[in-house]
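Participant: Submitted below is the structure of interest, expressed as structure tokens.
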Amino acid sequence: MAQLWGGRFTKELDQLAYNFNASITFDQKLYRQDIRGSIAHVTMLAKQGVLTEEEKNVIIDGLNGILKDVEEGKLQITTEYEDIHSFHEAVLIERVGEAGKKLHTGRSRNDQVALDMRLYVRDEIVAIKELVVNLLKVLHKLMKENTTTYMPGFTHLQKAQPVTLAHHLGAYMEMFKRDYSRLEDIYERMNYCPLGSGALAGTTYPLDREYTASLLDFKGPTLNSMDSVSDRDYIIELLSALSTIMMHLSRFSEEIIIWNSNEYQFIELDDAFSTGSSIMPQKKNPDFAELIRGKTGRVYAALTAMLTTMKGLPLAYNKDLQEDKEFTFDAIDTVKGCLTLFAGMLKTMTVQKDKMEASAKNGFTNATDAADYLVNHGVAFRDAHTIVGQLVLYCIEKNIALDDMTLEEFKAISPVFEEDIYEAISLKTCVELRNTIGAPGPKAMEQVIAINEEFLNCL
Ligand code: ARG
Numbered sequence: 273m274a275q276l277w278g279g280r281f282t283k284e285l286d287q288l289a290y291n292f293n294a295s296i297t298f299d300q301k302l303y304r305q306d307i308r309g310s311i312a313h314v315t316m317l318a319k320q321g322v323l324t325e326e327e328k329n330v331i332i333d334g335l336n337g338i339l340k341d342v343e344e345g346k347l348q349i350t351t352e353y354e355d356i357h358s359f360h361e362a363v364l365i366e367r368v369g370e371a372g373k374k375l376h377t378g379r380s381r382n383d384q385v386a387l388d389m390r391l392y393v394r395d396e397i398v399a400i401k402e403l404v405v406n407l408l409k410v411l412h413k414l415m416k417e418n419t420t421t422y423m424p425g426f427t428h429l430q431k432a433q434p435v436t437l438a439h440h441l442g443a444y445m446e447m448f449k450r451d452y453s454r455l456e457d458i459y460e461r462m463n464y465c466p467l468g469s470g471a472l473a474g475t476t477y478p479l480d481r482e483y484t485a486s487l488l489d490f491k492g493p494t495l496n497s498m499d500s501v502s503d504r505d506y507i508i509e510l511l512s513a514l515s516t517i518m519m520h521l522s523r524f525s526e527e528i529i530i531w532n533s534n535e536y537q538f539i540e541l542d543d544a545f546s547t548g549s550s551i552m553p554q555k556k557n558p559d560f561a562e563l564i565r566g567k568t569g570r571v572y573a574a575l576t577a578m579l580t581t582m583k584g585l586p587l588a589y590n591k592d593l594q595e596d597k598e599f600t601f602d603a604i605d606t607v608k609g610c611l612t613l614f615a616g617m618l619k620t621m622t623v624q625k626d627k628m629e630a631s632a633k634n635g636f637t638n639a640t641d642a643a644d645y646l647v648n649h650g651v652a653f654r655d656a657h658t659i660v661g662q663l664v665l666y667c668i669e670k671n672i673a674l675d676d677m678t679l680e681e682f683k684a685i686s687p688v689f690e691e692d693i694y695e696a697i698s699l700k701t702c703v704e705l706r707n708t709i710g711a712p713g714p715k716a717m718e719q720v721i722a723i724n725e726e727f728l729n730c731l
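So, in structure tokens, the structure goes:
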């Protein structure tokens with residue numbers, strides 16, 4: 273056990289207590305951010321005359337050496353140190369001597385860890401945004417390829433009205449576009465630097481916090497030192513955005529599972545994204561969609577854990593805050609994995625256009641259009657609704673589709689029907705007439721696809 277704060281103590285920490293308190297097993301993930309923050313800190317201290325140029329250079333060279341050695345596997349981050357901050361400082365002092373002891377001037381681990389987490393989350397937001405964009409591109413391509421792939425649209429998981437696969441996928445496109453914009457918002461709001469807040473009350477050194485912030489590409493320094501060391505709102509916001517991404521992926525996975533089922537056969541997942549059964553030789557299971565749906569729970573858990581950890585924390589820093597890391601790291605890694613896998617699964621699946629179309633053709637998805645036909649011929653909508661209800665009942669009894677009825681049969685229920693009813697209730701017409709923006713008709717879809725194309729091109 274090696275700790276930074278031994279001076280005031282007369283006894284070593286109990287080993288179990290030490291282990292319980294230590295965070296190095298998980299906060300070592302922050303080693304890059306920790307070194308980057310320290311380099312900015314000493315650069316600022318030298319500019320302000322708190323350190324000499326010589327001391328600054330020695331410390332920076334030492335820190336860069338540690339970074340290089342860790343990256344190359346020459347230096348192991350070991351658990352004999354309490355946390356990543358103590359590890360870096362101890363190794364620095366061991367390597368460069370006296371100058372190393374000045375690294376922590378005007379700084380506390382409270383503002384140091386607040387900075388490290390912000391840098392980490394900021395980097396990860398960029399990485400997650402890229403993965404969302406990758407998924408959006410896969411969806412965009414599929415949409416362009418499927419503007420005339422007819423399928424049933426559902427409400428209550430009952431066939432409702434015909435749509436196209438492009439239109440159905442377009443719904444997810446909107447969801448993931450919102451996810452992207454949520455990540456952008458969070459980035460903007462969190463992009464302020466907490467370093468220089470000290471333990472809670474700033475410091476007596478003439479720190480230039482604006483300068484440190486600019487060295488680390490922040491928009492500026494945070495404005496309240498007590499808030500800075502204890503604020504984890506940006507983590508909660510991120511976990512909320514990640515939970516929403518997972519909710520979207522999970523809904524989509526559920527549909528993939530249904531579409532891939534033997535009963536539907538709307539799509540077939542590629543062998544590279546399916547698994548077999550150890551006992552049933554015929555099986556080809558959508559495990560990845562199921563796993564993504566399942567992993568949604570652990571991301572929600574991270575959000576709930578973080579909200580609960582923060583609830584009731586008095587200002588300013590409390591050790592409870594150390595609990596922000598494992599859940600956040602896990603949620604980020606989970607979402608990155610799920611986004612990557614989902615995009616691959618979508619890209620490689622086969623769309624069974626004929627199966628989708630056949631399904632849209634039965635199940636009376638054109639019943640509303642038959643009613644609209646009557647309305648266009650002077651029948652009041654409520655009466656038209658009743659007439660078509662009778663048609664549907666008749667068809668169910670005869671086990672046929674509306675399109676299979678003879679004109680005589682139509683006329684027996686309402687004399688208003690003429691030969692053009694067939695054209696009016698054809699799948700193509702049902703979709704093609706729905707051209708208000710947001711609807712599945714080809715003109716409306718063309719407009720939306722162009723807007724999406726523009727959105728993707730401007731990223
Ligand atoms: N490991 C700690 C954390 O993650 C670092 C800050 C420690 N500060 C303290 N006052 N003990 O929050």
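If you want the numbering used here, it's the position in the sequence shown, counting the first as 1, plus 272. Cβ atoms here follow ideal geometry from the backbone N, Cα and C, with glycine treated the same way. It should be emphasised that the depicted structure is a prediction, and the values quoted were computed from it without experimental measurement.
(1) Return helix, strand or coil for residue 477, following the three-state DSSP convention.
(2) For residue 492, name the three-state secondary structure that DSSP assigns.
(3) Between the region 559-579 and the region 647-659, are three or more C-beta pairs nearer than 8 angstroms?
(4) Taking all protein chains shown into account, decide if residue 314 is buried (16 or more other Cβ within 10 angstroms of its Cβ) or exposed.
(5) Secondary structure at residue 471, three-state DSSP: helix, strand or coil?
(6) Out of 384, 349 and 712, state which residue places its alpha-carbon closest to the alpha-carbon of residue 485.
(7) If you check the beta carbons only, do residue 602 and residue 507 fall under 9 angstroms apart?
(8) Taking 8 angstroms as the line, does the beta carbon of residue 593 fall inside it for any heavy atom of the ligand ARG?
(9) With distances taken Cα to Cα, identify the nearest neighbour of residue 644 among 541, 354, 659 and 590.
(10) Does the beta-carbon of residue 371, which I'm using as the reference point, lie nearer than 8 angstroms to any heavy atom of the ligand ARG?
(11) For the region 549-615, list the alpha helix (DSSP H) runs that are entirely contained and at least 4 residues long, ordered along the chain.
(12) From residue 624 to residue 420, what distance separates their C-alpha atoms?
(13) Using C-beta distances below 8 angstroms, list every residue in its chain close to residue 540, excluding the 5 sequence neighbours before and after it, in chain order.
(14) If you measure between the beta carbons of residue 697 and residue 638, is that distance less than 9 angstroms?
(15) Should residue 328 be labelled buried (16 or more other beta-carbon atoms within 10 Å of its own) or exposed?
(16) How would you label residue 553, buried or exposed, when you count the other beta carbons within 10 angstroms and need 16 or more for buried?
(17) Determine the extent of the beta strand (DSSP E) in which residue 426 is found, giving its start and end residues.
(18) Buried or exposed: residue 461, going by 16 or more other Cβ atoms within 10 Å of its Cβ?
(19) Go through its chain and collect everything with a Cβ distance to residue 475's Cβ below 8 angstroms, but skip five positions before and after it.
(20) I need the straight-line Cα distance from residue 298 to residue 592, nearest angstrom please.
(21) Could you tell me which of 355, 309 and 546 sits nearest to residue 563, measuring between CA atoms?
(22) By Cβ distance, which residues of its chain are closer than 6 angstroms to residue 341, with the 5 residues on each side in sequence left out?
(23) Would you say the beta carbon of residue 527 is closer than 8 angstroms to some non-hydrogen atom of the ligand ARG?
(24) Pop quiz: residue 459 and residue 493 are said to be a contact at Cβ under 8 angstroms. What is the actual Cβ separation, rounded to whole angstroms?
(25) If I follow the unbroken alpha helix (DSSP H) through residue 297, where does it start and stop?
(26) So, is residue 605 buried or exposed, given that buried needs 16 or more other C-beta atoms within 10 angstroms?
(27) State buried or exposed for residue 473, treating a residue as buried only when at least 16 other CB atoms are found within 10 Å of its CB.
(28) State the Cα-Cα distance for the pair residue 400 and residue 731, rounded to the nearest angstrom.
(29) Please name the residue in 405, 681, 356 and 687 whose C-alpha comes closest to that of residue 651.
(30) Just the Cα atoms here: how many angstroms apart are residue 527 and residue 355?
(31) For the ligand ARG, is there a heavy atom less than 8 angstroms away from the beta-carbon of residue 597?
(32) Between which two residues does the alpha helix (DSSP H) containing residue 340 stretch?
(33) Answer yes or no: do residue 709 and residue 415 have a C-beta to C-beta separation smaller than 9 angstroms?
(34) Mind checking who residue 434 pairs with in its DSSP beta bridge?
(35) To the nearest angstrom, how far is it from the Cα of residue 690 to the Cα of residue 444?
(36) Look at the alpha carbon of residue 495 and the alpha carbon of residue 335, and state the distance between them as a whole number of angstroms.
Facilitator: Taking the coordinates as given:
(1) In this structure, residue 477 counts as coil in the three-state DSSP scheme.
(2) In the structure shown, residue 492 sits in a strand (DSSP, three-state: E or B).
(3) The region 559-579 vs the region 647-659: no contact.
(4) When all chains shown are included, residue 314 counts as buried.
(5) In the structure shown, residue 471 sits in coil (DSSP, three-state: anything other than H, G, I, E or B).
(6) Considering only alpha carbons, the answer is 384.
(7) The answer is no: Cβ separation not under 9 angstroms.
(8) Annotation for residue 593 indicates a beta carbon within 8 angstroms of some heavy atom of the ligand ARG.
(9) Closest by alpha carbon: 659.
(10) It does not: the Cβ of residue 371 is nowhere closer than 8 angstroms to a heavy atom of the ligand ARG.
(11) Counting whole runs of 4 or more residues, the region 549-615 contains the alpha helix (DSSP H) stretches 559-582.
(12) Rounded to the nearest angstrom, the two C-alpha atoms are 13 angstroms apart.
(13) If we look at residue 540 and ignore the five residues flanking it on each side, its Cβ neighbours are 532, 621, 622 and 624.
(14) A contact, by the Cβ cut-off of 9 angstroms.
(15) Taking every protein chain shown into account, the CB of residue 328 has 16 or more other CB atoms within 10 angstroms, so this residue is buried.
(16) Exposed.
(17) Element bounds for residue 426: 422-427.
(18) It counts as exposed.
(19) Excluding the 5 residues flanking it on each side, residue 475 has same chain C-beta neighbours closer than 8 angstroms at 378, 379 and 468, in chain order.
(20) Residue 298 and residue 592: Cα-Cα distance of roughly 15 angstroms.
(21) Taking only the C-alpha atoms, the option nearest residue 563 is 546.
(22) Only 347 meet the Cβ criterion.
(23) For residue 527, the Cβ stays outside the 8 angstroms cut-off from all heavy atoms of the ligand ARG.
(24) Incorrect: roughly 17 angstroms between the Cβ atoms, too far for contact.
(25) From DSSP, the alpha helix (DSSP H) with residue 297 extends over 296-299.
(26) Answer is exposed; the Cβ neighbour count stays below 16.
(27) With fewer than 16 other CB atoms across the displayed protein chains lying within 10 angstroms of its CB, residue 473 is exposed.
(28) Roughly 14 angstroms between the two C-alpha positions.
(29) The shortest C-alpha separation from residue 651 is found at 687.
(30) Approximately 44 angstroms, taken between the alpha carbons.
(31) Checking the Cβ of residue 597 against the ligand ARG gives yes.
(32) For residue 340, the enclosing alpha helix (DSSP H) begins and ends at 325-343.
(33) For residue 709 and residue 415, no; Cβs fall outside 9 angstroms.
(34) Per DSSP, the beta-bridge partners of residue 434 are 424.
(35) Straight-line Cα distance between these residues: approximately 39 angstroms.
(36) Straight-line measurement puts the Cα of residue 335 at about 28 angstroms from the Cα of residue 495.
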